[in-house]
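Scroll down for the structure; my scribbles are underneath it.
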Amino acid sequence: MIGKRLPAVTFRTRVRDESLGGSNPYRWEDKTTDDYFKGKRVAVFSLPGAFTPTCSTFQLPDFEKLFGEFQSKGIDEIYCVSVNDAFVMNAWGKQQGLTNVKLIPDGSGEFTRKMGMLVCKDNLGFGMRSWRYAAIIDDGTVEAWFEEPGFSDNCESDPYGESAPQNLLEKITARIDERVSA
């Protein structure tokens with residue numbers, strides 16, 4: 000995956016717009032891969048589903064807490080992608096109290112499929128979802144890749160470690176240290 004350009008995809012998002020008034024002031028807004036990744040160095044991670052145990056207890060909250068450390072390593076943004084629609088992603092972000100991590104809804108799974116990370120999770124009643132992975136993306140190109148082992152349809156386990164924010168920070172720090180000592 001290293002050196003691969005991200006696929007060109009349009010994401011259907013819902014954006015708060017107070018000018019609409021009412022109890023649900025959101026409007027549709029299309030965002031492209033370039034809108035999220037062009038001209039930035041970002042950490043992106045993808046997970047099987049919003050509101051699921053590992054995703055909600057560890058992965059998303061830890062990326063949120065460690066945002067400052069990622070910034071100190073030259074990361075501009077942190078994005079979380081999930082094969083969930085914009086309504087679910089917005090509700091999950093609100094429930095998690097996010098201020099740093101931005102959620103990207105991949106409701107149709109198009110981005111995930113084009114990344115080669117779409118798996119069937121019928122055994123859990125999920126349907127098609129993302130395999131858990133993370134990456135460092137520099138201006139739309141994969142700089143570093145962190146994929147959980149065991150990629151397969153209907154995997155009986157939910158591995159988590161490679162795509163943990165602590166692992167990404169450790170690897171980023173090691174690369175910086177290598178460059179400094181070279």
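Residue numbers for the sequence shown, in numbering that gives the first Met the number 0: 0 to 181. C-beta: ideal position from N, C-alpha, C; glycine also.
Identify every run of the beta strand (DSSP E) within the stretch 109-180, keeping only runs that are complete inside it and at least 3 residues long; order them along the chain.
117-119, 127-129, 132-137, 140-146
Please state if the CB of threonine 32 and the CB of valine 14 are separated by a distance shorter than 8 Å.
no
For proline 158 versus arginine 131, is the C-beta distance shorter than 8 Å?
Yes, these two residues count as a Cβ contact at 8 Å.
For tyrosine 78, list the residues DSSP reports as bridge partners.
Val43, Lys101
Please state whether DSSP places aspartate 61 in a helix, a strand or coil.
helix
Rounded to whole angstroms, what is the Cα-Cα separation between leucine 117 and proline 164?
Whole-angstrom Cα-Cα distance: 21 Å.
With DSSP as the reference, label phenylalanine 10 as helix, strand or coil.
DSSP, read as helix, strand or coil, puts phenylalanine 10 in strand.
Inter-residue CB distance, valine 100 and aspartate 75 (contact presumed, cutoff 8 Å):
The pair is not a contact, with the Cβ atoms about 13 Å apart (cut-off 8 Å).
Just the Cα atoms here: how many angstroms apart are glutamate 142 and threonine 98?
25 Å
For aspartate 121 and alanine 90, what's the separation of their Cα atoms in angstroms?
24 Å
Taking the beta carbon of leucine 65 as the centre, do at least 16 other beta carbons fall within 10 Å, making it buried, or is it exposed?
buried
Threonine 56 by DSSP, collapsed to three states: which one?
Threonine 56 falls in the helix class under three-state DSSP.
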